[in-house]
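Engineer: One structure follows; several queries about it will come next.
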Amino acid sequence: MNDATISNIHLAVADGVLSSIAEIKSTKVVCHTLTKMYEVKSLYNKIFLKIKLYTLRMEESSSMTDHINTLNTLFAQLTSMAHIIEEKERAEILLQSLPDPYDQLILNITNNILTDVLNFNDVLNAVLSEESRRKNKEDKLVSSKQAEALPMIRG
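Each residue of the sequence shown is one higher than the one before, counting from 5 in our numbering.
Below you can see the structure in the form of structure tokens.
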């Protein structure tokens with residue numbers, strides 16, 4: 005099992021990295037070596053991640069799930085550097101990163117908060133529901149256009 009895992013890691017890493025782990029026989033040591041190489045907790049990396057997080061903007065053509073995964077990855081990376089982002093701020097970052105067509109949703113969410121405290125999971129659920137609603141609306145529009153085109157083809 006250990007040899008197979010190490011072989012898979014060797015196949016996955018770049019050639020330049022492979023030379024650093026090629027002689028290591030333990031999966032644990034390989035993972036530790038790669039962690040030391042890539043998870044440098046420098047001030048520069050922390051600032052770079054914060055800039056990336058606070059300037060992140062979802063593309064209208066991308067999926068909400070991919071965008072949320074990117075956000076969660078950045079949150080996790082900053083947490084591993086001892087920079088904890090509170091739940092309210094996570095919710096605010098998610099909302100500010102949405103494209104313009106989501107402005108009405110943002111307005112609805114922020115106007116309906118009575119305690120002035122956003123809950124990340126509530127905002128997340130609202131955003132995912134909105135994306136689902138939009139996709140259903142697009143699907144219905146495509147279906148109706150196809151239904152309109154069908155008589156023209158037949159006739």
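Note that CB positions come from ideal geometry on N, CA and C, so glycine has one too.
Residue 38 by DSSP, collapsed to three states: which one?
Structural biologist: By 1-based counting over the sequence shown, the position of residue 38 is 34. In the structure shown, residue 38 sits in a helix (DSSP, three-state: H, G or I).
Engineer: Does the separation of the CB atoms of residue 60 and residue 75 fall below 8 angstroms?
Structural biologist: By one-based count along the sequence shown, residue 60 stands at place 56. By one-based count along the sequence shown, residue 75 stands at place 71. Contact flag set, yes.
Engineer: Relative to the C-alpha of residue 89, which candidate in 131, 12, 46 and 123 has its C-alpha closest?
Structural biologist: Here residue 89 is taken as the residue at index 85 of the sequence shown, counted from 1. For the residues 131, 12, 46 and 123, the minimum Cα distance to residue 89 belongs to 123.
Engineer: Secondary structure at residue 141, three-state DSSP: helix, strand or coil?
Structural biologist: Locating residue 141 in the sequence shown gives position 137, counting from the first residue. It is helical.
Engineer: What separation, rounded to the nearest whole angstrom, lies between the Cα atoms of residue 9 and residue 16?
Structural biologist: Indexing the sequence shown from 1 puts residue 9 at position 5. Indexing the sequence shown from 1 puts residue 16 at position 12. Looking at the two C-alpha atoms, the distance is approximately 11 angstroms.
Engineer: According to DSSP, is residue 110 helix, strand or coil?
Structural biologist: For the purposes of this step, residue 110 is taken as the residue at position 106 of the sequence shown. In the structure shown, residue 110 sits in a helix (DSSP, three-state: H, G or I).
Engineer: Just checking, does the region 61 to 81 make contact with the region 127 to 144 on the three C-beta pairs under 8 angstroms criterion?
Structural biologist: Because the criterion of three Cβ pairs below 8 angstroms is met, the region 61 to 81 and the region 127 to 144 touch.
Engineer: Starting from the Cα of residue 85, find the closest Cα among 142, 39 and 22 and give me that residue.
Structural biologist: Here the question's residue 85 lines up with position 81 in the sequence shown. Closest option to residue 85, Cα to Cα, is 39.
Engineer: Residue range of the alpha helix (DSSP H) that residue 26 falls in?
Structural biologist: Walking along the sequence shown from the start, residue 26 turns up at place 22. Unbroken run through residue 26: none, as it is neither H nor E.
Engineer: Among 82, 102 and 107, which has the Cα closest to the Cα of residue 46?
Structural biologist: Locating residue 46 in the sequence shown gives position 42, where the first residue counts as 1. Distances from the CA of residue 46 to each of 82, 102 and 107 were compared; the closest alpha carbon is that of 82.
Engineer: Spell out whether any CB of chain C is found under 8 angstroms from the CB atom of residue 121.
Structural biologist: The displayed structure is made up of one protein chain only, and chain C is not part of it.
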